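Just so we're aligned, residue 1 is where the sequence shown starts under UniProt numbering, counting upward by one. A virtual CB, placed ideally from N, CA and C, is assigned to each residue, including glycine. Computed from a prediction, not measured in an experiment: that's the story for all the values here.
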Amino acid sequence: MKPNKLKRHSDSKYLSFAGKDTNYFRSKADGLEKARPDTGGKYHKQNVAAVEASYLVALRIARAMKPHTIAEDLLLPVAKDIV
1 MKPNKLKRHS DSKYLSFAGK DTNYFRSKAD GLEKARPDTG GKYHKQNVAA
51 VEASYLVALR IARAMKPHTI AEDLLLPVAK DIV
């Protein structure tokens with residue numbers, strides 16, 4: 001959005017924030033970042049493990065220099081990587 005349109009929008013729609021300092025908005029953004037439940041919780045760890053397993057599968061297929069449809073031949077080693 002162009003700066004002048006952004007300023008007009010913020011002045012007309014968000015009157016309560018018009019006089020606030022930029023530090024106020026930075027502290028709000030930091031607070032929202034810290035409040036995220038998935039940055040260090042159980043879901044995040046499971047997601048990291050799934051991405052790592054997916055990467056290992058793709059790596060084995062690439063090292064075999066085969067098309068992605070060859071996964072049947074690589075299924076047993078890949079299953080060991082996932083577990």
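>> Can you tell me where the alpha helix (DSSP H) holding leucine 6 begins and where it ends?
In response: 3-13
> Quick one: is valine 51 buried, meaning 16 or more other Cβ sit within 10 Å of its Cβ, or exposed?
Replying inline: exposed
> How long is the line joining the alpha carbons of valine 57 and histidine 68, rounded to whole angstroms?
Replying inline: 10 Å
> For proline 77, does the three-state DSSP call read helix, strand or coil?
Replying inline: helix
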